[in-house]
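Note that the numbering used here has the sequence shown beginning at 73, numbered continuously upward. Here a beta-carbon is modelled for each residue, glycine too, at the ideal position from N, C-alpha and C. Since the structure comes first, as structure tokens, the remarks are kept for the end.
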Amino acid sequence: MSTVVAKRSPRAEGPQLPEGQVELAEPPVLGEPASADFGSALMYLPMALGSGAMVLMFSMRSAGPTTYMMSGMMGVAMVSMTLTQIGRAGAERRRRMRAERRDYLRYLAQKRRQARQAAEQQRAALLW
Numbered sequence: 073m074s075t076v077v078a079k080r081s082p083r084a085e086g087p088q089l090p091e092g093q094v095e096l097a098e099p100p101v102l103g104e105p106a107s108a109d110f111g112s113a114l115m116y117l118p119m120a121l122g123s124g125a126m127v128l129m130f131s132m133r134s135a136g137p138t139t140y141m142m143s144g145m146m147g148v149a150m151v152s153m154t155l156t157q158i159g160r161a162g163a164e165r166r167r168r169m170r171a172e173r174r175d176y177l178r179y180l181a182q183k184r185r186q187a188r189q190a191a192e193q194q195r196a197a198l199l200w
């Protein structure tokens, strides 16, 4: 009986097991609603002056149709200014929060890709 000696090349090195950790930053902090200070009170000053002017128009003795029309237009302008100022403050805060949320979600997507790549490398190294 004879034997044949087979020469094999040395075993190939497997893929390296990745090292390190995927660090996550903390999510953005929710901002506190803006407090009412003197500057925000000044925004409502034109509306207060408009309401005072409307009261003076109504208190005049000669109340013709033009006076009623002017006072109605003044009232509509006051209400629209009030709603605009209130809505603007909330809209600015919401816009800033959406931008921070969008940036953080983009950051999380990048970290997710890194974690999946690390998982694939670990799987390839362990199954070698």
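Please identify the residue among the options whose C-alpha is closest to the C-alpha of residue i.
{"i": "K183", "options": "V94, V101, S152, M141", "result": "V94"}
{"i": "L128", "options": "M115, L117, M142", "result": "M142"}
{"i": "Y202", "options": "P90, V76, S74, A97", "result": "Residue 202 lies beyond the stretch modelled for the chain, which goes from 73 to 200, so this question has no answer here."}
{"i": "G92", "options": "W200, L199, Q189", "result": "Q189"}
{"i": "R166", "options": "T75, V76, L102, S74", "result": "L102"}
If I'm right that residue i touches residue j with Cβ under 8 Å, what's the distance once you round it to whole angstroms?
{"i": "A125", "j": "M146", "result": "6 Å"}
{"i": "P87", "j": "Q193", "result": "7 Å"}
{"i": "M153", "j": "S123", "result": "The pair is not a contact, with the Cβ atoms about 10 Å apart (cut-off 8 Å)."}
{"i": "A191", "j": "L89", "result": "Going by Cβ atoms, the distance from A191 to L89 rounds to 12 Å, so no, they are not a contact pair."}
{"i": "A132", "j": "T138", "result": "The residue you asked about is not Ala; residue 132 is Met in the sequence shown. Actually they do not touch by this definition, with Cβ atoms about 11 Å apart."}
In the DSSP assignment, find the alpha helix (DSSP H) that holds residue i and state where it starts and stops.
{"i": "P137", "result": "137–198"}
Strictly under 8 Å for the Cβ-Cβ distance: is residue i near chain D by that measure?
{"i": "V127", "result": "You won't find chain D in this structure, because it holds only one protein chain."}
Exercise for review: Answer yes if the region 153–161 comes into contact with the region 79–93, meaning at least three C-beta pairs across the two stretches below 8 Å, and no otherwise.
Suggested key: no
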